[in-house]
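The structure appears right after this line, and notes come after that.
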Amino acid sequence: MKDNKLYVVIFTFLISFILVFILALANEMTKEKVKINEELYLRKAVLSAMGIEYKNDIEAYKLFDEKIKIEKIKDIDVYKSNVNGEDVYAVIFVGNGLWSTIRGVLAVDRNISKIIGIDFITQSETPGLGGRIEESWFKEQFKFEKIIDGKIKMIVGGSGKGDFNHDNGEVEAITGATRTSESVLNMINSYLNILKNLLGGELG
(Lines of atoms letter the chains of each structure in order from A and count residues from 1; the text may use other names and numbers.)
(Lines give C-alpha, C1' and ligand atoms only; values in the text may rest on other atoms or scores of the structure.)
Protein backbone atom coordinates (compact mmCIF):
# COMPACT_ATOMS: atom_id res chain seq x y z
CA MET A 1 0.00 0.00 0.00
CA LYS A 2 2.79 2.37 0.94
CA ASP A 3 4.59 1.52 -2.31
CA ASN A 4 1.46 2.43 -4.30
CA LYS A 5 1.18 5.79 -2.54
CA LEU A 6 4.86 6.52 -3.15
CA TYR A 7 4.45 5.59 -6.81
CA VAL A 8 1.51 7.99 -7.18
CA VAL A 9 3.46 10.84 -5.54
CA ILE A 10 6.54 10.26 -7.73
CA PHE A 11 4.43 9.86 -10.88
CA THR A 12 2.47 13.06 -10.14
CA PHE A 13 5.69 14.96 -9.47
CA LEU A 14 7.28 13.77 -12.72
CA ILE A 15 4.21 14.67 -14.80
CA SER A 16 4.02 18.12 -13.18
CA PHE A 17 7.74 18.67 -13.76
CA ILE A 18 7.48 17.68 -17.42
CA LEU A 19 4.47 19.96 -17.99
CA VAL A 20 6.19 22.92 -16.31
CA PHE A 21 9.32 22.28 -18.39
CA ILE A 22 7.32 22.17 -21.64
CA LEU A 23 5.47 25.39 -20.78
CA ALA A 24 8.71 27.15 -19.85
CA LEU A 25 10.34 25.99 -23.08
CA ALA A 26 7.36 27.14 -25.16
CA ASN A 27 7.41 30.52 -23.42
CA GLU A 28 11.11 30.95 -24.10
CA MET A 29 10.70 29.99 -27.76
CA THR A 30 7.89 32.50 -28.33
CA LYS A 31 9.38 35.33 -26.25
CA GLU A 32 11.47 36.70 -29.12
CA LYS A 33 8.54 36.52 -31.54
CA VAL A 34 6.31 38.38 -29.07
CA LYS A 35 8.98 41.06 -28.67
CA ILE A 36 9.26 41.49 -32.45
CA ASN A 37 5.47 41.77 -32.79
CA GLU A 38 5.27 44.36 -30.00
CA GLU A 39 7.93 46.45 -31.74
CA LEU A 40 6.02 46.17 -35.02
CA TYR A 41 2.74 47.28 -33.40
CA LEU A 42 4.52 50.26 -31.86
CA ARG A 43 6.13 51.30 -35.14
CA LYS A 44 2.87 51.02 -37.07
CA ALA A 45 0.99 53.01 -34.43
CA VAL A 46 3.57 55.81 -34.45
CA LEU A 47 3.48 56.03 -38.26
CA SER A 48 -0.33 55.99 -38.35
CA ALA A 49 -0.69 58.64 -35.65
CA MET A 50 1.78 60.88 -37.48
CA GLY A 51 -0.05 60.43 -40.77
CA ILE A 52 2.70 58.47 -42.52
CA GLU A 53 1.16 55.82 -44.76
CA TYR A 54 2.63 52.37 -45.30
CA LYS A 55 1.55 49.42 -47.42
CA ASN A 56 2.69 46.47 -45.32
CA ASP A 57 4.70 45.44 -42.27
CA ILE A 58 8.03 45.44 -44.12
CA GLU A 59 7.47 48.98 -45.39
CA ALA A 60 6.39 50.08 -41.89
CA TYR A 61 9.73 48.92 -40.47
CA LYS A 62 11.62 50.67 -43.27
CA LEU A 63 9.71 53.95 -43.10
CA PHE A 64 10.03 54.12 -39.32
CA ASP A 65 13.82 53.86 -39.56
CA GLU A 66 13.95 56.40 -42.40
CA LYS A 67 11.50 59.02 -41.18
CA ILE A 68 11.28 58.80 -37.38
CA LYS A 69 13.81 60.18 -34.95
CA ILE A 70 13.60 59.35 -31.25
CA GLU A 71 14.74 61.85 -28.65
CA LYS A 72 14.59 61.15 -24.94
CA ILE A 73 13.36 64.23 -23.05
CA LYS A 74 13.04 63.95 -19.27
CA ASP A 75 13.18 60.14 -19.56
CA ILE A 76 10.30 60.06 -22.06
CA ASP A 77 10.76 58.92 -25.67
CA VAL A 78 9.56 61.64 -28.05
CA TYR A 79 9.13 60.58 -31.67
CA LYS A 80 9.81 63.27 -34.27
CA SER A 81 9.27 63.54 -38.00
CA ASN A 82 8.53 66.02 -40.75
CA VAL A 83 5.29 65.16 -42.51
CA ASN A 84 4.26 67.16 -45.58
CA GLY A 85 6.55 70.00 -44.48
CA GLU A 86 5.23 70.11 -40.90
CA ASP A 87 7.13 69.06 -37.78
CA VAL A 88 5.21 66.38 -35.92
CA TYR A 89 5.89 65.03 -32.42
CA ALA A 90 4.47 61.92 -30.77
CA VAL A 91 4.54 60.10 -27.45
CA ILE A 92 3.23 56.79 -26.21
CA PHE A 93 0.33 57.17 -23.78
CA VAL A 94 -0.65 54.54 -21.23
CA GLY A 95 -3.63 54.31 -18.91
CA ASN A 96 -6.44 52.15 -17.60
CA GLY A 97 -9.53 51.48 -19.67
CA LEU A 98 -12.62 49.83 -18.24
CA TRP A 99 -11.17 46.31 -18.38
CA SER A 100 -7.59 46.63 -19.55
CA THR A 101 -4.48 48.73 -19.83
CA ILE A 102 -4.56 50.81 -23.00
CA ARG A 103 -1.37 51.83 -24.81
CA GLY A 104 -1.47 54.16 -27.73
CA VAL A 105 0.29 56.95 -29.59
CA LEU A 106 -0.60 60.63 -29.60
CA ALA A 107 0.86 62.92 -32.28
CA VAL A 108 0.67 66.72 -32.32
CA ASP A 109 2.07 69.69 -34.24
CA ARG A 110 5.04 71.68 -32.94
CA ASN A 111 2.90 74.33 -31.23
CA ILE A 112 0.58 71.74 -29.71
CA SER A 113 -2.34 73.57 -31.28
CA LYS A 114 -3.85 70.51 -32.94
CA ILE A 115 -3.76 66.74 -32.74
CA ILE A 116 -2.25 65.19 -35.84
CA GLY A 117 -3.61 61.76 -35.00
CA ILE A 118 -3.88 58.89 -32.54
CA ASP A 119 -3.54 55.14 -32.80
CA PHE A 120 -3.47 52.19 -30.42
CA ILE A 121 -0.70 49.71 -29.70
CA THR A 122 -2.50 47.36 -27.33
CA GLN A 123 -5.92 47.19 -25.68
CA SER A 124 -8.24 44.43 -24.48
CA GLU A 125 -11.52 46.27 -24.01
CA THR A 126 -14.83 44.50 -24.64
CA PRO A 127 -15.28 43.61 -28.35
CA GLY A 128 -18.21 45.50 -29.84
CA LEU A 129 -18.15 48.06 -27.02
CA GLY A 130 -14.96 49.58 -25.64
CA GLY A 131 -12.95 47.63 -28.20
CA ARG A 132 -14.44 49.92 -30.85
CA ILE A 133 -11.81 52.54 -29.99
CA GLU A 134 -9.80 50.72 -32.68
CA GLU A 135 -12.39 51.57 -35.33
CA SER A 136 -11.35 54.13 -37.93
CA TRP A 137 -14.26 56.51 -37.33
CA PHE A 138 -13.38 56.89 -33.65
CA LYS A 139 -9.69 57.59 -34.33
CA GLU A 140 -10.46 59.85 -37.31
CA GLN A 141 -12.34 62.22 -34.99
CA PHE A 142 -9.03 63.19 -33.41
CA LYS A 143 -7.22 63.76 -36.71
CA PHE A 144 -6.28 67.45 -37.01
CA GLU A 145 -8.60 68.27 -34.11
CA LYS A 146 -8.01 71.74 -32.71
CA ILE A 147 -6.84 71.83 -29.10
CA ILE A 148 -8.86 74.43 -27.19
CA ASP A 149 -7.81 75.60 -23.72
CA GLY A 150 -5.22 72.84 -23.66
CA LYS A 151 -7.60 69.92 -24.07
CA ILE A 152 -10.16 68.03 -26.11
CA LYS A 153 -13.76 67.66 -24.92
CA MET A 154 -16.08 64.68 -25.35
CA ILE A 155 -19.74 64.58 -26.28
CA VAL A 156 -21.70 61.80 -24.57
CA GLY A 157 -25.01 60.72 -26.12
CA GLY A 158 -24.31 62.27 -29.50
CA SER A 159 -25.23 60.99 -32.94
CA GLY A 160 -23.16 57.84 -32.56
CA LYS A 161 -21.47 58.59 -35.87
CA GLY A 162 -18.67 60.79 -34.59
CA ASP A 163 -17.92 64.52 -34.58
CA PHE A 164 -15.80 65.48 -37.57
CA ASN A 165 -15.81 69.23 -37.08
CA HIS A 166 -12.12 69.53 -36.37
CA ASP A 167 -12.31 73.17 -35.28
CA ASN A 168 -14.54 72.71 -32.22
CA GLY A 169 -12.15 70.69 -30.07
CA GLU A 170 -14.75 67.98 -29.50
CA VAL A 171 -15.15 64.26 -30.22
CA GLU A 172 -18.02 61.84 -29.61
CA ALA A 173 -17.96 58.97 -27.14
CA ILE A 174 -18.73 55.47 -28.36
CA THR A 175 -22.36 54.55 -27.69
CA GLY A 176 -22.44 51.93 -24.94
CA ALA A 177 -18.77 52.45 -24.11
CA THR A 178 -18.73 55.84 -22.41
CA ARG A 179 -16.26 54.86 -19.70
CA THR A 180 -13.68 53.48 -22.15
CA SER A 181 -14.13 56.54 -24.38
CA GLU A 182 -13.66 58.90 -21.46
CA SER A 183 -10.62 56.95 -20.28
CA VAL A 184 -9.01 57.41 -23.69
CA LEU A 185 -9.85 61.11 -23.64
CA ASN A 186 -8.38 61.54 -20.16
CA MET A 187 -5.16 59.88 -21.29
CA ILE A 188 -4.93 62.12 -24.33
CA ASN A 189 -5.55 65.30 -22.34
CA SER A 190 -3.03 64.21 -19.72
CA TYR A 191 -0.38 63.56 -22.35
CA LEU A 192 -1.15 66.84 -24.11
CA ASN A 193 -0.06 68.51 -20.90
CA ILE A 194 3.02 66.30 -20.73
CA LEU A 195 3.90 67.23 -24.30
CA LYS A 196 3.48 70.90 -23.47
CA ASN A 197 6.03 70.54 -20.68
CA LEU A 198 8.39 68.47 -22.81
CA LEU A 199 8.32 70.69 -25.88
CA GLY A 200 7.78 74.01 -24.17
CA GLY A 201 5.04 74.82 -26.66
CA GLU A 202 2.09 77.10 -26.20
CA LEU A 203 -1.27 75.38 -26.13
CA GLY A 204 -3.83 76.66 -28.57
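When we follow this note's numbering, the leftmost residue of the sequence shown carries the number 879, and every step to the right adds one.
Idealized CB from N, CA, C, for every residue including glycine.
If you're wondering where the values come from, they're calculated on a predicted model, not measured in any experiment.
query, result
"Which class does Gly995 belong to by DSSP, given the choice of helix, strand or coil?", "strand"
"Taking just the CA atoms, how far does Val887 sit from Leu941?", "58 angstroms"
"Indicate the three-state DSSP secondary structure (helix, strand or coil) for Asn1071 in the structure shown.", "helix"
"Do Gly995 and Lys1021 come within 8 angstroms of each other at the CB atom, strictly closer than that value?", "yes"
"First and last residue of the beta strand (DSSP E) that includes Asp965?", "964–974"
"Let me know the secondary structure DSSP gives Gly1082 once reduced to three states.", "Low confidence applies here, because Gly1082 scores a pLDDT of 40, under 50, leaving its location unreliable; read the following figure in that light. Looking at Gly1082 - three-state DSSP - the assignment turns out to be coil, as it is neither helix nor strand."
"Rounded to the nearest angstrom, what separates Ile1052 and Phe899 at their Cα positions?", "45 angstroms"
"Please confirm whether Ile930 and Val972 have their CB atoms less than 8 angstroms apart.", "no"
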